[in-house]
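Number 71 in our numbering belongs to position 67 of the sequence shown; there are no gaps in the numbering. Don't be surprised by glycine CBs; every beta carbon is placed ideally from N, CA and C.
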Amino acid sequence: MTRATRAVIDLSALRHNLSRVRQLAPRSKILAIIKADAYGHGSVPVAQALAAADAFGVATLDEAIALREAGVDHPIVLLEGIVRAADLNLVRGYRLQLVVHCPEQIAMLELAPGAPVPVWLKIDTGMNRLGIAPDQAQASYQRLSAAAAVAQPVRLMSHLACADLRDDPATPRQLQRFEQASAGLAAERSLANSAGILAWPATQLDWVRPGIMLYGVSPFAEQTGAELDLQAAMQLESELIAVKQVPAGETVGYGGGYRCPETMPVGVVAIGYGDGYPRHAPTGTPVRLGGQTVPLIGRVSMDMITVDLRDCPGARIGDRVQLWGPELPVETIASAAGTIAYELLCKLTNRVDFVYRDGPERA
Ligand SMILES: *Cc1c(COP(=O)(O)O)cnc(C)c1O
């Protein structure tokens with residue numbers, strides 16, 4: 005590890021955020037969502053830190069297999085199920101649970117020989133992405149309950165489309181459709197993602213499925229994770245690799261996107277879109293430097309960004325820089341760059357070193 009550009013993951017923050025979920029949804033079991041390499045934090049160390057969760061959810065077979073091979077022994081749910089019957093052998097071999105969201109998958113299980121697999125039947129209550137139509141839910145449940153390749157009892161789930169909008173009628177409508185579709189079935193049910201857990205307690209049901217909040221990030225545009233008593237698990241940091249005086253009227257970076265209004269000190273930080281820092285972060289995007297906030301200026305390059313150091317006359321080459329983390333919410337950077345924190349967290353490239361720490365960093 006020779007470059008200072010790294011993501012420091014605070015395992016104690018992950019545990020704190022999981023305990024926040026327990027506090028907010030005390031009657032629900034927790035299916036902790038660690039798909040996409042645990043939202044870019046590293047699925048194996050995150051799973052180990054979140055051992056107090058009741059189960060883990062991932063998107064792909066490869067993600068599930070990586071967890072099993074690393075010794076993670078929790079129930080693991082494949083949130084998209086499988087497309088080919090041949091993959092059932094891997095599902096059984098690695099003791100995975102399947103989401104079943106379409107008639108083809110039900111037929112696949114009815115025809116499959118072999119040991120029973122635990123299944124979650126997904127009902128489409130309004131996302132209109134994955135899921136069985138609500139009026140097919142009861143019949144689908146009965147078919148799965150009768151299939152030799154399905155472990156009993158079958159569980160039920162659905163997914164919220166608009167739970168981050170605190171007074172959108174879509175969420176109560178989805179809850180009502182889910183309740184209607186599953187009326188009379190003695191199955192365990194799951195509906196809430198992070199936004200549901202936080203803003204719509206009635207959606208918590210038997211199992212909650214937190215993702216983004218486990219990483220200390222708010223699902224709401226108008227609130228940060230810290231305001232929800234969550235702790236940022238990732239700190240993205242780098243260092244100044246040059247400090248220079250740029251004459252008044254000169255421009256900085258590609259395209260001459262920033263013109264210096266006066267002769268001024270400019271810092272160059274060793275991070276760029278080649279590391280996953282968003283190329284669309286505009287002039288003015290905050291960067292933390294030695295306990296102060298300085299604005300990014302000019303275009304984000306592949307390996308570097310430039311910052312205005314007029315308020316930091318003491319800044320020197322080698323000084324540590326925080327791009328996001330406990331002092332600077334990733335939500336702020338995402339909104340400056342016209343995206344969401346989910347995307348920024350997932351998009352760090354393998355050029356960034358990951359360091360795991362138990363407890364916050366001492367200054
Ligand atoms: C990703 C995902 C979640 C978690 O969503 P967050 O908004 O990150 O809390 C929950 N359920 C399903 C099915 C998902 O795909």
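Distance between residue j and residue i (C-alpha atoms, nearest Å)
i	j	result
V37	P214	The sequence shown places Ile at residue 37, rather than the Val named in the question. Taking the straight line from one Cα to the other gives about 6 Å.
C316	P205	45 Å
I13	D279	16 Å
M268	G229	35 Å
Q65	S198	Gln is not the amino acid found at residue 65; the sequence shown has Leu there. When rounded, the distance between both Cα atoms is 23 Å.
A367	L134	Confidence at A367 is low in this model, with a pLDDT of 47, below 50, so the placement of that residue should be treated as unreliable; the coordinate-derived value is given next. So the two alpha carbons sit approximately 46 Å from each other.
S16	E226	26 Å
W211	L234	20 Å
Q180	V95	32 Å
L35	E335	24 Å
I368	E347	The structure shown does not extend to residue 368, since the chain is modelled only from 5 to 367, so the question has no answer here.
A203	I309	37 Å
Q146	R361	48 Å
S144	I110	7 Å
A152	R193	22 Å
T207	F224	17 Å
P333	V221	8 Å
N354	T6	14 Å
I201	A236	18 Å
F358	V48	12 Å
R159	L327	41 Å
G257	C264	11 Å
V25	G261	44 Å
S23	K248	46 Å
E108	P282	39 Å
V325	P79	39 Å
A274	A338	19 Å
A74	G46	12 Å
P290	L169	26 Å
G288	P30	42 Å
D139	I216	31 Å
E241	S32	36 Å
R72	D312	47 Å
L102	P122	6 Å
Residue j beta carbon less than 7 Å from that of residue i
i	j	result
N21	L218	yes
C389	A40	This structure gives no information on residue 389, because the portion of the chain shown stretches from 5 to 367.
L195	L209	yes
V272	A11	no
G342	M306	no
A63	E84	yes
L352	G44	yes
E243	A8	yes
A68	L100	yes
L28	A53	no
Q178	T129	yes
G259	R303	yes
S162	I136	no
V104	L125	yes
V270	V298	no
T175	A187	no
V76	A56	no
M112	A90	no
A155	P117	no
A141	A190	no
A345	A285	no
G363	Q239	no
Ligand 2 heavy atom lying under 6 Å from the CB of residue i
i	result
S162	As far as ligands go, the structure on display features ligand 1 and does not contain ligand 2.
Inset, instruction - Tell me, please, whether the stretch 319-339 touches the stretch 290-308 by the rule of three or more beta-carbon pairs shorter than 8 Å. - result: The stretch 319-339, when compared against the stretch 290-308, does touch it at the 8 Å Cβ threshold.
Any beta strand (DSSP E) of 3 or more consecutive residues that is wholly inside the stretch 288-322: The stretch 288-322 contains these whole beta strand (DSSP E) runs: 290-293, 296-301 and 309-312.
At 4 residues or longer, and completely inside the stretch 65-104: list those alpha helix (DSSP H) runs for me, N to C. Whole alpha helix (DSSP H) segments, 4+ residues: 65-73 and 92-97.
Legend entry - Entirely enclosed alpha helix (DSSP H) segments - the stretch 216-267, minimum 4 residues: Runs found: none.
Segments of 4+ residues assigned as alpha helix (DSSP H) that fall wholly inside the stretch 15-67: Counting only runs that start and end inside the stretch 15-67, the alpha helix (DSSP H) elements of at least 4 residues fall at 15-28, 39-44 and 47-53.
Scan the stretch 127-159 and note each continuous alpha helix (DSSP H) run of 4 residues or more that stays entirely inside, going in chain order. If we require 4 residues or more, the alpha helix (DSSP H) runs fully inside the stretch 127-159 come out as 141-150.
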